[in-house]
Structures are given as C-alpha cells and as structure tokens.
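S.K.: Residue numbering for the sequence shown is 8 to 124, as defined by the working numbering.
Just so it is clear, CB atoms sit at the ideal spot from N, CA and C, and this is done for glycine as well.
Mind having a look at this structure? Questions to follow.
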Amino acid sequence: MVVLELSEQDVNRLFRALADATRRDIVRRTLVTDISVSQLADSYEMSFAAVQKHIAVLEEAHLVTKAARGRERMVRGNLVRIRQAQRLLDHFEELWRSRMERLDSLLAEGSPDSPDT
8 MVVLELSEQD
18 VNRLFRALAD
28 ATRRDIVRRT
38 LVTDISVSQL
48 ADSYEMSFAA
58 VQKHIAVLEE
68 AHLVTKAARG
78 RERMVRGNLV
88 RIRQAQRLLD
98 HFEELWRSRM
108 ERLDSLLAEG
118 SPDSPDT
C-alpha cells in the first residue's frame, strides 16, 4: 500500500515508541528545538541511563536523531517521520470510517423500521 510508506516492522517500532508518555514528551519537545540528552535527563525523574534508553527507542523508530555538538549530544525530532505516522493514522481512520458506514448501511437494511419492509 503506497499510503503507508512504512514496512510492518517500521509501523510496529513507531507505535511501540509512541506508546510511552515520556517518549511522546521527548518527541514533542525535540520537534520545537534541539535539546541535549543532559537537558532531557534533567527534565525527568529517572536516571540519565533511563532517558538514554528512551532516546534509543525513539532513534530506532526514526522519530528523533542524535548529533554531536561539541561535547554534547543533541536530540532533534524527525518531522518527516511524524508526518508519515500522521498519514498512517489518517489511513486507518479512513479505513475504519468506511467500515462503520458499511456496517450502518447493513444494519439499516435489516432494521424493522426500514421503509423497504
């Protein structure tokens, strides 16, 4: 399917990464501005290593990238991947809306209140 642009494995990584509130917050913050791993770690009540693991999951899903800037590792959100995720969700919404409309039609056809009966 051309709309998806992502393999099934990519879709699984994407939703796994976004399933966690901390990771969603990291993505949100890094889409606004580049932020260092240290700054991110200071923002959460968890260890530096735990934040690094969250970032690694986001990197694996291509939702963020890390780059060296001097001695710091800067994290940047990947807007292209977010847009791919949005298109995927739009596709699923369209699919389920059409299925619900079809179900509504089938139920209306079989309804005793239907003018056709």
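Rounded to whole angstroms, how far is the Cβ of residue 24 from the Cβ of residue 64, which I believe are closer than 8 Å?
M.R.: 5 Å
S.K.: Could you tell me if residue 87 is buried or exposed, where buried requires 16 or more neighbouring beta carbons within 10 angstroms of its beta carbon?
M.R.: So residue 87 counts as exposed.
S.K.: Alpha carbon to alpha carbon, how far is residue 36 from residue 84? Give it in angstroms, no decimals.
M.R.: 8 Å
S.K.: What's the C-alpha gap between residue 43 and residue 29?
M.R.: Going by the C-alpha atoms only, they are around 16 Å apart.
S.K.: Considering only C-alpha positions, which residue in the set 13, 106, 32 is nearest to residue 48?
M.R.: 32
S.K.: From what residue to what residue does the beta strand (DSSP E) around residue 137 run?
M.R.: For residue 137 there is no data in the structure shown, the boundaries of the chain being 8 and 124.
S.K.: Can you name the residues that DSSP bridges to residue 43?
M.R.: 81
S.K.: To the nearest angstrom, how far is the alpha carbon of residue 58 from that of residue 51?
M.R.: 8 Å
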